[in-house]
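What follows is one structure encoded as structure tokens, with my remarks underneath.
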Amino acid sequence: MSFVQWTVDLATGFDDIDEQHQQLINRINNFYDADQTKDRDLIAKALKELIDYTTYHFQQEEKMLEDAGYHLLEQHKKVHINFLSRVATYQSRFENGDDIGEELLTLLDGWLFRHIRINDHGYVDPVKKSGVR
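Under full-length UniProt numbering, the residue at position 58 of the sequence shown is numbered 58, and the numbers go up by one with no gaps.
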């Protein structure tokens with residue numbers, strides 16, 4: 001069962017970024033599935049994969065924005081850093097025995113879609129105009 005789904009309004013028009021966003025959604029769904037089992041080993045694995053892929057995606061996106069000379073790059077990076085920090089806090093809590101599944105899923109669901117629709121869609125025109133894409 002899917003916790004979240006890709007919808008066309010999330011598309012940026014950059015195939016690699018859109019594929020990465022879809023992969024993030026897949027990893028959120030994998031975390032959801034693992035959390036439903038209450039198997040801490042499965043949850044830990046899914047959480048690590050989610051964090052690792054999110055970090056990879058943020059690096060790729062920031063590189064694209066840097067190449068394009070995006071004027072809000074530093075602000076965008078700060079949003080990414082703050083998000084990763086929040087998720088790391090959940091990971092620490094999980095490692096200390098807390099059940100963080102529902103809270104983290106709520107954060108992921110709201111944050112990801114807001115971030116893509118607002119922050120990421122905000123860079124589409126400037127990146128296209130830069131000619132690097």
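Note that beta-carbon positions come from the ideal geometry of N, C-alpha and C, so glycine has one too. Fair warning: this is a prediction, and the values are worked out from it, not measured in the lab.
Check for me: the alpha helix (DSSP H) holding residue i runs from which residue to which?
i	result
Ala44	Arg40 to Asp67
Phe94	Leu73 to Glu95
Phe14	Where Phe14 is concerned, there is no enclosing alpha helix (DSSP H), given that its DSSP letter is neither H nor E.
Arg117	First-last for Arg117: undefined, no H or E at that position.
Residues in the same chain with beta-carbon distance under 8 Å from residue i, minus the five sequence neighbours each way, listed in chain order, please.
i	result
Val79	His115 and Asn119
Val124	Thr12, Gly13 and Phe14
Phe113	Val4 and Leu10
Ser130	Asp67, Ala68, Gly69 and Tyr70
Arg117	Asp9 and Leu10
Look up residue i in the DSSP assignment and say whether it is helix, strand or coil.
i	result
Gln5	coil
Ile25	helix
Gly101	helix
Gly131	coil
Tyr32	helix
Leaving out the 5 sequence neighbours to the left and right, which residues in its chain are closer than 7 Å to residue i when beta-carbon positions are compared?
i	result
Val4	Ile25, Ile28, Asn29 and Asp109
Glu61	Ile17
Lys77	Glu62
Leu47	Phe31, Gln91 and Phe94
For residue i, which residues of its own chain have a beta-carbon under 6 Å away from its beta-carbon, when the five flanking residues on both sides are left out?
i	result
Pro126	Tyr70
Ile100	Tyr90, Arg93 and Phe94
Ser2	Asn29
Leu104	Tyr90
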